[in-house]
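Okay, so the sequence shown: first residue is 1 according to my numbering, each after it adds one.
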Amino acid sequence: MPSVVTRFAPSPTGLLHLGSAYSALVAWTRAREAGGRFLVRIEDTDIRRCRREYETAILQDLKWLGLDWDGEARRQSDHFSDYGHELDRLGRRGLVYPCFCSRAEIEREIAASASAPHSPPLGPDGPLYPGTCRHLAPAERKRRIAAGREFCMRLDSAAAAADTGPYDFVDEGRGRITGQPLLMGDFVIARKDTPTSYHLAVTVDDHLQGVTLVTRGEDILPSTHAHVLLQRLLGYATPLYAHHGLIIDRTGRRLAKRDQATGIRSLRESGKTPADVFKLIGAGLEPGGPKA
């Protein structure tokens with residue numbers, strides 16, 4: 001049996017909170033119980049919002065909780081060349097295209113097409129990108145780039161689906177799931193200021209780090225369809241997935257970084273112990289709590 005390799009991949013845009021600590025605990029426990037490896041990865045590709053002080057605080061809080069990891073934490077901003085290389089591979093196959101649309105322009109087009117016969121399809125979070133720039137002629141793309149127009153890169157999901165054919169993946173709690181390559185639409189695969197996006201970076205990193213079991217919140221399940229699609233396009237193995245339930249606050253909302261009262265640092269400063277934190281996590285803050 002191959003060794004179990006899990007990972008916890010926080011984004012340093014805020015302090016560690018109970019929900020993220022629960023995700024870290026699930027991954028750490030699965031690795032340690034199997035005699036495997038638990039990795040920590042800092043997902044800091046959003047250079048405008050990520051802060052090194054948050055990274056330091058997150059690592060300190062993990063150590064305080066007693067969650068040790070194997071090797072050094074991988075910082076994504078140190079590995080842009082890895083993502084750029086894979087982006088180029090996809091580009092040479094005609095599977096990505098530059099998108100010059102601003103967020104406001106996308107919203108206006110979606111609003112305008114709401115009453116049209118062929119309105120944009122819906123994704124997990126609402127209308128998907130309508131594909132405005134997908135059909136631009138190569139000469140027009142070059143003209144806009146030469147003129148200094150800002151752009152991101154999107155995956156042509158229909159072309160990608162045709163390339164890979166049908167696919168599936170396994171989630172421990174849900175069984176074998178048929179992949180839906182169009183679920184996320186033509187999602188952003190690289191941003192204007194970095195040669196990657198979350199979707200590309202997490203897929204490349206899981207491959208390079210040999211991750212065999214991805215444990216993360218069930219809110220990420222829709223993105224898994226996109227990540228497995230990228231794995232198939234890039235020739236990567238697909239790990240086993242385990243999308244766990246989320247910890248909710250007393251109003252029924254899932255915890256977020258803005259909820260300072262549930263931050264690990266705040267709980268530490270209030271006199272809580274790691275054992276107290278794990279009790280809160282186990283209770284899920286509400287009866288019925290999280291489901292691993």
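Heads up, the beta-carbon is just placed ideally off N, CA and C, and yes, glycines get one too.
If you reduce the DSSP assignment to three classes, tell me which class R174 lands in. coil
Alpha helix (DSSP H) segments (min. 4 residues) lying fully within the segment 102-152: 103-112 and 138-146
Nearest neighbour of G313, chosen from F169, M184 and I145 [CA to CA]: The first residue shown for the chain is 1 and the last is 292, placing residue 313 beyond what the model contains.
With distances taken between CB atoms, is the gap from L25 to L67 smaller than 8 Å? yes
Less than 7 Å between C-beta atoms, sequence neighbours within five positions excluded: which residues of the same chain meet that for R232? T164 and Y167
Just curious, the beta strand (DSSP E) that I189 is in, first and last residue? V188 to A190
Under 8 Å: do the segment 42-59 and the segment 86-101 share three or more Cβ pairs, one atom per stretch? no
Using DSSP with H/G/I as helix, E/B as strand and the rest coil, what is T297? An answer regarding residue 297 cannot be provided, because it is not within the stretch 1 to 292 covered by the chain.
Is E269 buried or exposed, if buried means 16 or more other CB atoms sit within 10 Å of its CB? exposed
Verify whether the separation of the beta carbon atoms of Y241 and V188 is less than 8 Å. no
Minimum C-alpha distance to A237 - residue among H243, A147, D206 and I220: D206
What residue range does the beta strand (DSSP E) around F80 cover? First-last for F80: F80 to R92, but that is the alpha helix (DSSP H), not the beta strand (DSSP E).
Quick one: what's got a C-beta closer than 6 Å to T45's C-beta in the same chain, skipping five residues either side? Q76, T194, T196 and A201
Among residues of its own chain, excluding the 5 on either side of P287, which ones have a beta-carbon nearer than 6 Å to its beta-carbon? Its pLDDT being 32, under 50, P287 is placed unreliably by the model, and the measurement read from it follows with that caveat. Contacts found: none.
Residue environment, I145, which counts as buried when at least 16 other CB atoms sit within 10 Å: exposed
The alpha helix (DSSP H) with Y22 in it runs from where to where? L18 to E33
From A21, W28, M153 and A190, residue whose alpha carbon lies closest to that of D70: W28
Quick one: what's got a C-beta closer than 6 Å to L182's C-beta in the same chain, skipping five residues either side? S157
Check this for me: beta carbons of L213 and V4, under 8 Å apart or not? yes
For L280, collect the residues of the same chain with a Cβ closer than 7 Å to its Cβ; drop the 5 residues on either side in sequence, then sort them by chain order. L18
Does DSSP put D46 in a helix, a strand or coil? coil
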